[in-house]
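Right, one structure below, let's go through it.
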Amino acid sequence: MLQFGQPDPGLDYAARPTAFGLVFHDGKLACVRVDRGEGSYFDLPGGALDGDETEEQALTREFVEETGMTVRPGRRIAEAAQYFRRSDGTPVNNIAGFWVAERLSLDPAARVEADHELVWLEPHTALNELRHDAHAWAVAVWLRRGR
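What the sequence shown shows, in our numbering, is residues 49 to 195, in sequence order.
Right, here's the structure in full:
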């Protein structure tokens with residue numbers, strides 16, 4: 049598996065199973081803008097698996113929580129890990145499955161994460177704007193494999 053990011057010496061990075069999705073609609077890719085004031089950033093929708101969730105279950109739940117979008121996971125196109133520090137400083141290593149998903153419906157009122165906003169980016173813009181190299185790499189894999 050590819051590993052992205054550099055761990056800070058002396059920190060213990062907990063392995064964190066995650067799932068992220070690529071939804072393509074009207075020529076654009078669904079992303080989330082996470083509002084952190086001056087430190088805001090873009091991610092693919094998705095996140096950590098809760099309890100005994102499968103990647104598909106976590107992806108479906110996270111899309112609703114972050115964007116209000118209901119999706120159907122399709123195929124798993126890539127896996128990669130990313131060392132990083134969460135907003136609270138906790139060091140983690142996201143072990144991510146990346147999925148192509150189908151947009152079923154959108155209900156902005158269903159979104160529960162107020163600091164996340166659904167944005168639609170051109171795929172090549174997403175390559176440059178996504179915070180994590182693993183996310184950008186997954187977009188590149190998706191583009192090269194013909195979506």
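All C-beta atoms in this analysis are idealised placements derived from N, C-alpha and C, irrespective of residue type, glycine included.
- A buried status is given to M117, since no fewer than 16 other beta-carbon atoms sit within 10 Å of its beta-carbon.
- DSSP assignment within the region 112-181 yields the following whole alpha helix (DSSP H) runs of 4 residues or more, N-terminal first: 171-177.
- Judged by DSSP in its simplified three-state form, L70 adopts strand.
- When C-alpha distances from E170 are compared across K76, P65, V71, the shortest belongs to K76.
- Per DSSP, Q54 lies in no beta strand (DSSP E) segment and is marked neither H nor E.
- DSSP, read as helix, strand or coil, puts R81 in strand.
- Distance between M49 and Y61, taken at the CA atoms: about 17 Å.
- Put simply, the backbone Cα of D56 is about 11 Å away from that of V140.
- Residues of the same chain with a CB within less than 8 Å of the CB of F52, apart from the 5 flanking positions on each side, are A128, A129, Q130, Y131, H180, D181, A182, W185 in chain order.
- E110 and D91 have their C-alpha atoms some 12 Å from each other.
- The straight-line gap separating the alpha-carbon atoms of L59 and A106 is approximately 27 Å.
- Inter-residue distance for S88 and V82 is about 6 Å (C-alpha atoms, whole angstroms).
- Take the alpha-carbon of R120 and the one of G85: they are about 32 Å apart.
- Looking at the backbone, the Cα of L191 and that of G94 are separated by about 19 Å.
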